[in-house]
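Peer 1:
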Amino acid sequence: MLAERVQRAGSEPLRLGGEIWGFYEHGALTAMCWAGANLVPVGVSSPAALDAFASRARRSGGAYSSLFGPAEAVLGLWERLEASGWRARQVRPCQPLFAIDHVPTLAPDPQVRCATPDDIGVVLPASIAMFTEEVGYSPVGADGGASYRRRVAELLREGRTFVRCAPDGQVVFKADLGSVSTAVAQVHGVWVDPRFRGRGLAAPAMAAVVTGALRELAPVVSLYVNDYNTRALAAYRAVGFGQVATFATVLF
Numbered sequence: 004m005l006a007e008r009v010q011r012a013g014s015e016p017l018r019l020g021g022e023i024w025g026f027y028e029h030g031a032l033t034a035m036c037w038a039g040a041n042l043v044p045v046g047v048s049s050p051a052a053l054d055a056f057a058s059r060a061r062r063s064g065g066a067y068s069s070l071f072g073p074a075e076a077v078l079g080l081w082e083r084l085e086a087s088g089w090r091a092r093q094v095r096p097c098q099p100l101f102a103i104d105h106v107p108t109l110a111p112d113p114q115v116r117c118a119t120p121d122d123i124g125v126v127l128p129a130s131i132a133m134f135t136e137e138v139g140y141s142p143v144g145a146d147g148g149a150s151y152r153r154r155v156a157e158l159l160r161e162g163r164t165f166v167r168c169a170p171d172g173q174v175v176f177k178a179d180l181g182s183v184s185t186a187v188a189q190v191h192g193v194w195v196d197p198r199f200r201g202r203g204l205a206a207p208a209m210a211a212v213v214t215g216a217l218r219e220l221a222p223v224v225s226l227y228v229n230d231y232n233t234r235a236l237a238a239y240r241a242v243g244f245g246q247v248a249t250f251a252t253v254l255f
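The numbering of the sequence shown is the numbering used here, which starts it at 4 and goes up by one.
So this is what it looks like as structure tokens:
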């Protein structure tokens, strides 16, 4: 996520939509933390870096939606923030980070396609349903959902949303390539309509997403998933994803 933002906008905060905090040891940059709508620690391995980022977060007074990233860094940072009075709606301490760098052996679903801006009318309701189910509240906020609609529309313009639709045109599967750098395309927002769950749609659909992403965007595709989502874990493993690390998320 951070790599994509820097590749697109450089390091200017106004263009980035946030700040990148750096931690230096002996004159060398050893860790960073993205501070925008979310907090995302990167390369944090020392207690001193966690102390510094926690102190900076407390001083910033920012209204962050979440804290996510490598589990050890996230949970260490959260321990410090919680001790200073911060409160969380939910802590998800174990989210396997999966990656795949080869075309899946599982046959891709031929009905999965790259969505276009013309699909906004069916993709937006599916995206809202996914977000609400995953995070616990609707993304349609005080602005009536305008900002969320802009984000969905942006992904459609850039060809980074994949869908499978039912005969009536409604979305039954959706996945976004939410963050794309020259090295990795990260899948976000995977959703299957509850009416179609348990039918084996997810694995072939994800195989189609991976095939398209590897062909068009990056040499590696990644995603992370809640450890209690056993159906999703099984589907991703069937596609050929392997666990490479563990993430954690704190929702505010």
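Backbone N, C-alpha and C fix where the C-beta goes; we use that ideal spot for every residue, glycine too.
Helix, strand or coil for Glu22, going by three-state DSSP, please let me know.
Peer 2: Reduced to three states, the DSSP call for Glu22 is strand.
Peer 1: Per DSSP, what kind of secondary structure is Val247 in: helix, strand or coil?
Peer 2: Val247 falls in the strand class under three-state DSSP.
Peer 1: Tell me, please, which residues DSSP counts as bridged to Leu180.
Peer 2: Leu180 pairs with Val190.
Peer 1: In this structure, how does DSSP classify Ser130 when only helix, strand and coil are distinguished?
Peer 2: Note: Ser130 maps to helix in three-state DSSP.
Peer 1: Which stretch, first to last residue, makes up the alpha helix (DSSP H) that contains Arg234?
Peer 2: Looking at the DSSP string, the run of the alpha helix (DSSP H) that includes Arg234 is Thr233 to Val242.
Peer 1: Who pairs with Leu41 in a beta bridge, going by DSSP?
Peer 2: Per the sequence shown, residue 41 should be read as Asn rather than Leu. Partner(s): Ser69.
Peer 1: What does a CB cutoff of less than 6 Å around Ala178 pick up in its chain, not counting 5 residues either side in sequence?
Peer 2: The residues are Phe165, Val190, Val193 and Val212.
Peer 1: Report yes if the CB atom of Ala55 is closer than 8 Å to the CB atom of Phe26, and no otherwise.
Peer 2: Yes, they are a contact pair.
Peer 1: Inspect the beta-carbon positions of Ala38 and Glu22 and report whether they are closer than 8 Å.
Peer 2: Going by C-beta atoms, Ala38 is nearer than 8 Å to Glu22.
Peer 1: For Ala208 and Pro50, what's the separation of their Cα atoms in angstroms?
Peer 2: Spanning the two alpha carbons is a distance of roughly 41 Å.
Peer 1: For the beta strand (DSSP E) holding Pro283, just list the boundary residues, first then last.
Peer 2: Nothing in the structure corresponds to residue 283, since the chain is present only between 4 and 255.
Peer 1: Quick check on the burial criterion: 16 or more other C-beta atoms within 10 angstroms. Buried or exposed for Cys36?
Peer 2: Cys36 comes out buried.
Peer 1: Helix, strand or coil for Arg92? Go by DSSP, reduced to three states.
Peer 2: Arg92: coil per DSSP, three-state reduction.
Peer 1: Keeping to the same chain, check which residues put their C-beta closer than 6 Å to that of Ala235; ignore five residues upstream and five downstream.
Peer 2: For Ala235, where only same-chain residues beyond five positions count, the Cβ hits under 6 Å are Val228.
Peer 1: Hey, how far is the Cα of Ala76 from the Cα of Ser130?
Peer 2: Whole-angstrom Cα-Cα distance: 29 Å.
Peer 1: Please confirm whether Gly172 has its beta-carbon closer than 8 Å to some beta-carbon of chain B.
Peer 2: The structure shown contains no chain B; it is built from a single protein chain.
Peer 1: Assuming Leu84 and Pro44 are in contact, meaning their beta carbons sit under 8 Å apart, how far apart are those beta carbons, in whole angstroms?
Peer 2: Going by Cβ atoms, the distance from Leu84 to Pro44 rounds to 12 Å, so no, they are not a contact pair.
Peer 1: Any contact of the region 110-120 with the region 156-174, i.e. 3+ C-beta pairs under 8 Å?
Peer 2: Flag = yes, the region 110-120 and the region 156-174 touch.
Peer 1: Compare the beta carbon distance of Ala241 and Ala206 with 8 Å and say whether it is the shorter of the two.
Peer 2: Yes, Cβ-Cβ distance for Ala241 and Ala206 is below 8 Å.
Peer 1: Since Val174 and Val126 are thought to touch, with beta carbons under 8 Å apart, how far apart are those beta carbons, to the nearest angstrom?
Peer 2: About 6 Å separates the two Cβ atoms, so the contact holds.
Peer 1: Would you please state the rounded distance, in angstroms, between the beta carbons of Pro96 and Ala251? I believe it to be under 8 Å.
Peer 2: Indeed, because the Cβ distance is near 5 Å, the residues count as touching under 8 Å.
Peer 1: Between the beta-carbon of Leu100 and the beta-carbon of Ser225, is there less than 8 Å?
Peer 2: Yes, Cβ-Cβ distance for Leu100 and Ser225 is below 8 Å.
Peer 1: Do you know how far the Cα of Ala74 is from the Cα of Leu32?
Peer 2: Going by the C-alpha atoms only, they are around 21 Å apart.
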